[in-house]
Each structure stands twice: as structure tokens, then as C-alpha cells.
Amino acid sequence: MTILLIEDDPAIARGLQVNLESEGYRVLWANSLKSAFEINHKEKLSLAILDLGLIDGSGFDFLRTVREQGSRLPIIILTAKTDEDSVVEGLQRGANDYMKKPFGNKELLARIKATLREPHLRENQIRWGDLLILVDQRVVRFKDTTVDIQRREFDILLALVEKPDVIINREYLIQQIGKDGEIFDRTIDSHISHLRSRLKKSGVNGIKISSVYGLGYRLEKV
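To convert, note that position 218 of the sequence shown is 198 in our numbering; the numbers rise steadily by one, no gaps.
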């Protein structure tokens, strides 16, 4: 499991990283909001530990943004702020738990394990660049925009984004979307065309679905 540690104090971050990695977690450290957003876009995360006081803004900004994007990534706030209003604000904005500094490593580990045990918090999602697919909700988002997409188009996009930069043949796509009815090659072509139009209409840029003559389709960045 991969944990995003958002903490601007190198000493605290290093100590936490060593502790968590000794428990078998993969830990990615971000010392700013900017780097936190970059890692969140690139990686499939299991949980985030979030400090509120960062060098380029408030941790609340990270919390607000990921929740507005539809992500249910489990987030534990870790902060020196001790007033009740900060605790309440963090929980109201979508944090799953809250710990105050100084803290005990054993307690933090227990809270992480407890949070990860909650099945409704483990959002099945795939992120590729600015494209976010919430698999269980069957929702596609690009940056802050929800993409209007039909059922079979969603299945095709999901199949492509699960194997980006790889040529996916029509037979594989037929298997993915033809479970409840008969699907033909020409139907796939039609769905791909509609999918491209919907992505363009929703302002999705920086990616494209390329046709590879005689082989199939490939999702790639441009």
C-alpha cells in the first residue's frame, strides 16, 4: 500500500517515513501543496497523512480539492493546531481522522490500519494525468470537470486507461463491453467515435485515443 505523507518538516517526515516503511508501507513524501498534487495525480494512493501548515498554503486546500474532484482517498490530518474549530473544520471538509502533534507512532499506526480497514473508504479509482476514473461510481473527471459519458463508452475508456500507451485490439474491447449483448467491430468504432467527441466536448486535452490501423486503439498523452 502506498501512503502520501504531506509534511514540510524534514525531521518529522523522515521519522514517519522510516517508521511506516518498517511496517511494509510504501511512503511518498511531499513537502508542499504543489508536490502533493503532483504525486496525487501520478500515483495510485491508499491513504494520505496531511499536515495543515505547509510552505505554500494550507493542507485544507489539498483536502478540499481532492474531495471536490470526487476522490474518497482516506486522509488523516496531522497537525500542531489544537483548537476545536480546526478539528471540526478538518472533519467537515472530509478528513477521515485527526491527530495532534506530538503523537505516538504506535497510535498513528493503529489509526492508519483502522482507517484502511473501512471498506467504504477504499475508493477503486484510476488516475492517469488529469484524468480520474472512479470505477465503482462509474464517473469520469478531468481536472474539475465531470465528463458526460455513456455506459459502454465508460467501459471502453476504462479498458484503455488500464493499459495506457498499449495497443488494445477490438476483440479485447468487445469482451469488455459485450457481456450483455452482441457487439461487433463496427459498433466498437462507433463507440470510440462518440467517446472522442464527449471527451472533446468536456474540454479534455493532453490525451488522445489513437487508431492503429489493423491492430486497434491506444490511449496516449500528447
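Note that the Cβ used here is the ideal one computed from N, Cα and C, for glycine as well.
Beta-carbon proximity check, L96 vs L53, cutoff 7 Å: no
Which of helix, strand or coil DSSP assigns to Q105: strand
Of the listed residues Q117, D145 and I19, nearest to V202 (C-alpha basis): D145
Given T125 as reference, the closest of R178, A75 and L88 once Cα atoms are compared: R178
Whether D31 touches I(-14) by CB criterion (7 Å): yes
Contact check, G210 vs L111, beta carbons under 7 Å: Past the boundaries of the shown model lies residue 210; the chain is included only from -19 to 202, so the question cannot be answered.
Span of the beta strand (DSSP E), counted from its first residue to its last, around E142: Run containing E142: none; DSSP gives neither H nor E here.
Simplified DSSP assignment, three categories, for L111: strand
Selected residue, minimal CA-CA separation from D(-11), among I(-17), Q(-3) and T(-18): Q(-3)
Test: S190 CB closer than 7 Å to a CB of chain D: The question asks about chain D, but that chain is absent: this structure has only one protein chain.
Closest by C-alpha distance to A(-9), when choosing among E3, M(-19), W9 and Y5: W9
Nonlocal neighbours in the same chain, by C-beta distance under 6 Å from G70, ignoring five residues either side: I57 and Y78
Beta-carbon proximity list for D204, same chain, < 7 Å, skipping 5 on both sides: In the structure as shown, the chain starts at -19 and stops at 202, and residue 204 therefore has no counterpart that could be examined.
C-beta contact flag for Y5 and I19 at 7 Å: no
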